[in-house]
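Colleague: Structure provided below as structure tokens; questions to follow.
Number of protein chains: 2
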Amino acid sequence: MPGALPSPSLDQLFRTARTYNEWSDRPVEEHTVRELYDLFKWGPTSANSCPARFVWVRSAEGKAQLASLAAELNRPKILAAPLTVIIGHDLEFPETMPKLFPARGEMMRQMFRQPGVAEITAMRNGSLQGGYLIIAARALGLDCGPMSGFDNAGVDAAFFAGTHIKSNFICCLGYGKPNTPFPRNPRLSFDEAGRFA
Amino acid sequence: MPGALPSPSLDQLFRTARTYNEWSDRPVEEHTVRELYDLFKWGPTSANSCPARFVWVRSAEGKAQLASLAAELNRPKILAAPLTVIIGHDLEFPETMPKLFPARGEMMRQMFRQPGVAEITAMRNGSLQGGYLIIAARALGLDCGPMSGFDNAGVDAAFFAGTHIKSNFICCLGYGKPNTPFPRNPRLSFDEAGRFA
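Sequence lines, in order, name chains D and W. Reading the first sequence from the start, the letters are residues 0 to 196 in numbering that gives the first Met the number 0. Reading the second sequence from the start, the letters are residues 0 to 196 in numbering that gives the first Met the number 0.
In structure tokens:
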């Protein structure tokens, strides 16, 4: 039975990890992106539905297009980052269930096809997968800069045309420039955020 | 600059971690729950909005009530687990912005108060926080059994009455009984789930 990870690892994942807006010159290599996907893909989703889809924006043209669709404050972050991933979710994900859940694929396909179920399932589980991506990136020594200030419909038209994929949020990836994050904001206490029952 | 965590740690977080439905007798102590919160609370959210709220269900009465509102297949899992956490999100979270984002609290409060913004922000970021909870639990040596098959409106009435908190998903926490998970389902390949741009 495994115990807790060593304290420096918990720091790297959560306690001293920070959101970065400025980046060192170190690139994010393609093999690192593939290693990242092959790590976070294992995170759990409803019936293994894995609804999230990803565009890994690294070209100058891609960055310029994405930046042009972002809130003004976010544009320089996207242009400066080695890579920015668009996290979306595919509303047609029920069609993948026979592949992703072989034991009961057709049953799950029909369940997710009920009115309204695909939308909420994709949003919930696509966001979970985005959370796994962020923590997995940190586990690999990368830094993250997640953002939701952009024109979702514009990004969908530019990057997901001809599909049923909807953008959720975006996340810069790279190696953060030391000492550039803002002072850390407070969090809610345990009792402010919840209770036992 | 930190590198990647050691391979066994990546296994524990993602690669060999599994969803459990059966649990060993080892309890989840209150200090462990508080340690878990104090770890995952640091995960990033939009403008540090931290919209997720948590009910940590550990009493016999609480488990029976939650189980009665769950899909039939999920009932025995809730009754057997040492603890099941309800992850919800507070649609009134904009009121916390002056506390959580002191530099621009009133501006962010008004921004999140625009029509429709609180709902999507709470669902996106509350789900992200749920993802952080799952991976942080694994980082502390716990196992998880997340589920979304339950009566959300019934859970809201039973556990969040008199608030604007809406349930999102639930997650059993404990120490999994070895060798009980189903065979692992496949994941989408890198190219099935995304592309470079």
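Every residue gets a Cβ at the ideal spot worked out from N, C-alpha and C, and that includes glycine.
Tell me, please, which residues DSSP counts as bridged to W/Arg194.
Modeller: In the second sequence, residue 194 of chain W corresponds to position 195, counting from 1. Paired residue(s): D/Val54.
Colleague: Please classify W/Pro145: does DSSP put it in a helix, a strand, or coil?
Modeller: On the second sequence, position 146 is the one that residue 145 of chain W refers to. Here W/Pro145 sits in strand by DSSP.
Colleague: Does any CB atom of chain D fall closer than 8 Å to the CB of W/Ile169?
Modeller: The residue given as residue 169 of chain W occupies position 170 in the second sequence. No, W/Ile169 lies away from the interface with chain D (no Cβ there is under 8 Å from its Cβ).
Colleague: Let me see if you follow: with CB-CB separation under 8 Å, is W/Ser147 close to chain D or not?
Modeller: Within the second sequence, residue 147 of chain W is the residue found at index 148, counting from 1. W/Ser147 counts as touching chain D.
Colleague: Determine the extent of the alpha helix (DSSP H) in which D/His30 is found, giving its start and end residues.
Modeller: The residue you call residue 30 of chain D lines up with position 31 of the first sequence. Note, D/His30: alpha helix (DSSP H), 29-39.
Colleague: Since I believe W/Thr120 is in contact with W/Ser225 (beta carbons under 8 Å), could you give me their beta-carbon distance rounded to a whole number of angstroms?
Modeller: The requested residue 225 of chain W is not part of the displayed model; chain W covers only 0 to 196.
Colleague: For the beta strand (DSSP E) holding D/Ser166, just list the boundary residues, first then last.
Modeller: Start at 1 with the first residue of the first sequence, and residue 166 of chain D comes out as number 167. Its beta strand (DSSP E) spans residues 164-173.
Colleague: Would you list, in chain order, the members of the stretch 93-127 of chain W that have their beta-carbon closer than 9 Å to a beta-carbon of chain D?
Modeller: Thr95, Lys98, Leu99, Phe100, Pro101, Ala102, Ile119, Thr120, Met122, Arg123, Asn124, Gly125, Ser126, Leu127
Colleague: Note down the Cα distance separating D/Gln113 from W/Ser45, rounded to an integer number of angstroms.
Modeller: On the first sequence, residue 113 of chain D is found 114 positions in, with the first residue counted as 1. On the second sequence, residue 45 of chain W is found 46 positions in, with the first residue counted as 1. Their backbone Cα atoms lie some 31 Å apart in a straight line.
Colleague: Would you mind telling me which residues of chain D sit closer than 8 Å to W/Phe39, beta carbon to beta carbon, in chain order?
Modeller: On the second sequence, position 40 is the one that residue 39 of chain W refers to. What W/Phe39 touches in chain D, judged by beta-carbon distance under 8 Å, is Phe13, going in chain order.
Colleague: Taking D/Thr83 as part of the beta strand (DSSP E), name the residues at either end of that continuous run.
Modeller: In the first sequence, counting from the first residue as 1, residue 83 of chain D sits at position 84. D/Thr83 -> beta strand (DSSP E) spans 82-89.
Colleague: Run through the stretch 63-128 of chain W for me and flag every whole alpha helix (DSSP H) of 4 or more residues, listed as ranges in chain order.
Modeller: 74-79, 96-99, 104-111
Colleague: Should W/Leu72 be labelled buried (16 or more other beta-carbon atoms within 10 Å of its own) or exposed?
Modeller: Numbered from its first residue, the second sequence carries residue 72 of chain W at position 73. Counting Cβ neighbours within 10 Å, W/Leu72 comes out exposed, since fewer than 16 surround it.
Colleague: Have a look at D/Ser6 and D/Cys171 and give me their C-alpha separation to the nearest angstrom.
Modeller: For this step, residue 6 of chain D is matched to residue 7 along the first sequence. For this step, residue 171 of chain D is matched to residue 172 along the first sequence. If I take the Cα positions, the gap works out to 26 Å.
Colleague: Within the 8 Å Cβ cut-off, does W/Thr18 reach chain D?
Modeller: On the second sequence, position 19 is the one that residue 18 of chain W refers to. It does; some Cβ of chain D falls within 8 Å.
Colleague: Could you name the residues that DSSP lists as bridge partners for D/Thr18?
Modeller: In the first sequence, the residue the question calls residue 18 of chain D occupies position 19. D/Cys143, per the DSSP bridge assignment.
Colleague: When the cut-off is 8 Å and only beta carbons count, does D/Ser45 lie next to chain W?
Modeller: Here the question's residue 45 of chain D lines up with position 46 in the first sequence. Yes, D/Ser45 lies at the interface with chain W (some Cβ there is under 8 Å from its Cβ).
Colleague: Do D/His88 and D/Ile169 count as a contact pair if the criterion is CB distance below 8 Å?
Modeller: On the first sequence, position 170 is the one that residue 169 of chain D refers to. On the first sequence, position 89 is the one that residue 88 of chain D refers to. Not a contact, by the Cβ cut-off of 8 Å.
Colleague: If the cut-off is 7 Å on Cβ atoms, which residues from the stretch 156-190 of chain D count as contacting chain W, listed in chain order?
Modeller: Using a CB distance below 7 Å, the part of the stretch 156-190 of chain D facing chain W consists of Phe158, Asn167, Phe168, Tyr174, Asn184, Pro185, Arg186, Leu187, Phe189, ordered along the chain.
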